[in-house]
Amino acid sequence: MNFIAIARKELNIYFSTVIAYAGFGAFAFLMGLLFVGQLNRYQLSTQYMLSRQQPELLERLNFNDEIITPILSTGIWMFLFFVPFLTMKLFAEEKSNRTFELLMSAPIRTIDLILGKFFAVSVLMIVMSAIPLIFPLILHVYGTGANGSGVEWAPVWSGTIVVFLLGLMFCSLGMLFSSLTESQIVAALLTFAALLISFMLPILATRLEGNWRELIEFVAPATHVRRGLQGRLFLEDFVFFATTIFTFLFLTHRVVESHRWR
Amino acid sequence: MIEIKNLTKRYREHVAVSDISFSVKKGEIVGFLGPNGAGKSTTMRILVGCMPATSGTVTVDGIDVFDSPLETKKKIGYLPEIPPVYLDMTVREYLAFVGRLKKAGRGRALKAEVERVATLAGVDHILPRLIRNVSKGYRQRVGLAQALINDPEVLILDEPTVGLDPIQIEQVRKLILELGNSGRHTIILSTHILSEVKATCDRIVMIAHGKIAADAKIEDLEREHDAPLEQIFTQLAMA
Chain A
0 MNFIAIARKE LNIYFSTVIA YAGFGAFAFL MGLLFVGQLN RYQLSTQYML
50 SRQQPELLER LNFNDEIITP ILSTGIWMFL FFVPFLTMKL FAEEKSNRTF
100 ELLMSAPIRT IDLILGKFFA VSVLMIVMSA IPLIFPLILH VYGTGANGSG
150 VEWAPVWSGT IVVFLLGLMF CSLGMLFSSL TESQIVAALL TFAALLISFM
200 LPILATRLEG NWRELIEFVA PATHVRRGLQ GRLFLEDFVF FATTIFTFLF
250 LTHRVVESHR WR
Chain B
0 MIEIKNLTKR YREHVAVSDI SFSVKKGEIV GFLGPNGAGK STTMRILVGC
50 MPATSGTVTV DGIDVFDSPL ETKKKIGYLP EIPPVYLDMT VREYLAFVGR
100 LKKAGRGRAL KAEVERVATL AGVDHILPRL IRNVSKGYRQ RVGLAQALIN
150 DPEVLILDEP TVGLDPIQIE QVRKLILELG NSGRHTIILS THILSEVKAT
200 CDRIVMIAHG KIAADAKIED LEREHDAPLE QIFTQLAMA
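Chains as they are written, first to last, in numbering that gives the first Met the number 0: chain A, 0 to 261; chain B, 0 to 238.
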């Protein structure tokens with residue numbers, strides 16, 4: 000149970016400094032802008048459809064497809080900035096401040112160290128992925144859709160779950176890069192580059208054909224979030240996230256452990 | 000208590016420590032002497048399990064440091080050269096964190112242990128302060144307090160009085176002497192301040208260019224060379 004001591008320490012530092020608040024605040028603010036923008040668009044299209052007297056088109060204008068899903072699928076692009084910001088310090092700071100020696104000389108296993116740190120960022124990710132829930136809640140309380148319907152909650156939950164899993168996977172990658180270097184800036188930059196490439200994969204896939212296309216599409220994280228955002232949870236997607244998170248945690252373990260025999 | 004046999008550490012081509020052997024008996028205070036860059040810190044880091052050796056063996060209380068690191072780490076309190084403190088934690092939070100790592104109990108027991116080591120190291124009056132806001136001397140002593148958690152049998156102190164003012168140096172030396180004289184603690188402290196060695200240590204192990212240059216009681220060494228420790232140190236270090 001040693002990982003709890005590590006997790007507590009990480010969370011203590013995240014929440015006693017400005018890091019967590021700056022991250023959450025900026026994320027909430029940007030998501031809010033997205034929400035307002037999307038809401039405006041929704042109103043405009045409603046007015047347009049009403050003026051055209053086409054009730055069957057109006058029928059399609061529901062909160063989920065027109066507001067919530069677009070916000071979330073644009074919102075995950077923000078992880079590109081927020082995940083490196085949150086994970087860069089995990090190991091790099093310990094090394095540059097020489098507190099790494101304390102951890103290495105303490106009677107704890109490497110696995111506890113890694114799970115503790117991962118657990119701490121998971122808590123941050125829970126908060127990050129819960130922040131956008133405020134928008135469906137606002138719509139639920141104050142709004143009625145153009146077709147008279149409200150918010151459908153099932154896709155909101157499934158969307159939140161895949162966004163959370165995606166965030167976790169990015170965090171495990173960020174932690175790996177942080178374990179590779181002593182410099183937080185380098186860790187953040189490498190994480191950012193890797194995440195950017197992962198976001199670009201679907202574009203690459205469109206230029207390929209056959210097996211290659213399928214492969215690239217499969218390893219692109221976006222593929223595994225899309226269905227969840229639409230309200231469909233697939234075991235395949237869970238397996239994808241679980242496998243990648245496990246792989247990155249395992250690699251981090253090897254990197255940290257290598258300090259013991261290098 | 001501590002047995003170092005044929006220890007060698009190489010960083011690529013550079014040999015930091017070359018084939019050194021010495022042992023420390025239970026209850027002894029040994030001064031680990033040597034000029035800067037002689038391999039003192041490297042040896043200590045290997046001893047506490049922070050770093051592996053290229054070859055050789057190290058045992059603490061008969062247990063091999065490389066085979067059962069978790070066992071030996073429980074017996075050791077370690078103060079690295081740079082105190083391993085988190086600037087964004089308060090002294091109390093920091094000591095409690097180390098206490099949890101070392102399984103020094105929880106709740107009231109943990110709190111009592113934190114207060115005990117803080118009093119020993121003279122930082123009990125700054126417990127609620129952020130480490131970022133305390134002076135270098137205090138950070139050093141918070142590092143020392145951390146090493147004392149769980150009353151470890153072995154204390155490895157890498158330049159424990161660096162950055163302290165003369166009064167604090169005196170206090171820390173007194174503390175080291177008290178811990179040593181209690182007979183329960185085995186202490187290795189590294190330094191290049193010779194007066195410190197004279198004031199606290201039973202014996203010195205001197206290391207120069209990665210090799211053992213001397214291993215004897217201070218009086219014996221001075222008698223043998225017929226010169227004060229300062230002169231012997233310069234001779235051996237230059238040799």
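C-beta atoms are modelled at their ideal positions from N, C-alpha and C, and glycine is treated no differently.
Minimum Cβ-Cβ distance from Ile12 of chain A to chain B less than 7 Å: yes
Span separating the alpha-carbon of Leu195 of chain A from that of Lys116 of chain A: 23 Å
Proximity to Val171 of chain B [Cα-Cα], best of B:Gly182, B:Asn149, B:Met88 and B:Leu143: B:Leu143
Which of helix, strand or coil DSSP assigns to Ile75 of chain B: strand
From B:Lys73, B:Thr56, B:Glu80 and B:Lys74, residue whose alpha carbon lies closest to that of Asp66 of chain B: B:Thr56
Nearest to Leu270 of chain A (by Cα), restricted to the options A:Tyr41, A:Val254, A:Leu10 and A:Ile67: Look at the range of chain A in this structure, 0 to 261, and you will see that residue 270 of chain A is not part of it.
Coarse secondary structure for Ser40 of chain B, derived from DSSP in three states: helix
C-beta contact flag for Gly28 of chain B and Gly179 of chain B at 7 Å: According to the sequence provided, residue 28 of chain B is Ile. The question's Gly does not apply to it. Closer than 7 Å, so yes.
Neighbour flag for Tyr10 of chain B against chain A, beta carbons, 7 Å: no
When A:Phe233, A:Arg212, A:Met168 and A:Glu235 are compared against Leu248 of chain A, the one with the closest alpha-carbon: A:Met168
Touch test, the stretch 119-130 of chain B against the stretch 80-94 of chain B, Cβ-Cβ under 8 Å, three pairs minimum: yes
Interface partners of Arg97 of chain A on chain B, CB under 7 Å: Pro79, Ile81 and Pro83
Residues near Pro159 of chain B by beta carbon distance below 8 Å, same chain, minus five either side: Leu78, Gln139, Leu143, Val171, Ile175, Leu188 and Thr190
Span separating the alpha-carbon of Met87 of chain A from that of Ile184 of chain A: 7 Å
Lys116 of chain A at chain B interface by Cβ criterion, 7 Å: no
Limits of the alpha helix (DSSP H) - the one that Ala27 of chain A falls within: Ile18 to Arg51
Minimum Cβ-Cβ distance from Pro135 of chain A to chain B less than 7 Å: no
Proximity test, Cβ basis, 7 Å: Cys200 of chain B and chain A: no
Same chain, Cβ closer than 7 Å to Ser44 of chain A, five either side skipped, listed in chain order: Leu60
Entirely enclosed alpha helix (DSSP H) segments - the stretch 128-199 of chain B, minimum 4 residues: 135-147, 165-180 and 193-199
Beta-carbon neighbours of Arg259 of chain A, restricted to chain B and to distances below 7 Å: Pro51
Contact set for Ala91 of chain A: own chain, Cβ-Cβ below 7 Å, skip 5 residues either direction: Ser177, Thr180, Glu181, Ser182, Gln183 and Ala186
His139 of chain A, DSSP secondary structure in three states: helix
Of the residues B:Val59, B:Asn5, B:Glu112 and B:Ile3, the one placed nearest Leu154 of chain B, counting alpha carbons only: B:Val59
Distance CB(Phe118 of chain A)-CB(Ala6 of chain A) smaller than 7 Å: yes
Under 9 Å from the C-beta of Phe96 of chain B: neighbouring residues of chain A: Ala4, Ile5, Arg7, Lys8 and Asn11
Chain-order list of residues whose beta-carbon lies under 7 Å from that of Gln262 of chain A (same chain, five-residue window excluded): Shown here, chain A extends from 0 to 261; a query on residue 262 of chain A therefore has no answer.
Residue-level contact to chain A via CB, Leu193 of chain B, 7 Å cutoff: no
Range of the contiguous alpha helix (DSSP H) that encloses Gly30 of chain B: Taken as a continuous stretch (DSSP letters only), Gly30 of chain B belongs to no alpha helix (DSSP H), being part of the beta strand (DSSP E) at Ile28 to Leu32.
Any chain B beta carbon closer than 7 Å to Met103 of chain A: yes
Val150 of chain A versus Phe62 of chain A: straight-line alpha-carbon distance, rounded: 6 Å
Separation of Ile186 of chain B from Ser95 of chain A, as counted between CA atoms: 28 Å
Environment of Ala129 of chain A [buried if 16+ CB atoms lie within 10 Å]: exposed
Spatial neighbours of Pro51 of chain B in its chain, beta-carbon cut-off 8 Å, leaving aside the 5 residues before and after: Ile45 and Phe65
Cβ-Cβ distance between Val243 of chain B and Val141 of chain B below 7 Å: Any answer about residue 243 of chain B is impossible in this case: the structure gives chain B only from 0 up to 238.
Near-chain B residues of the stretch 158-192 of chain A - C-beta to any C-beta below 7 Å: none
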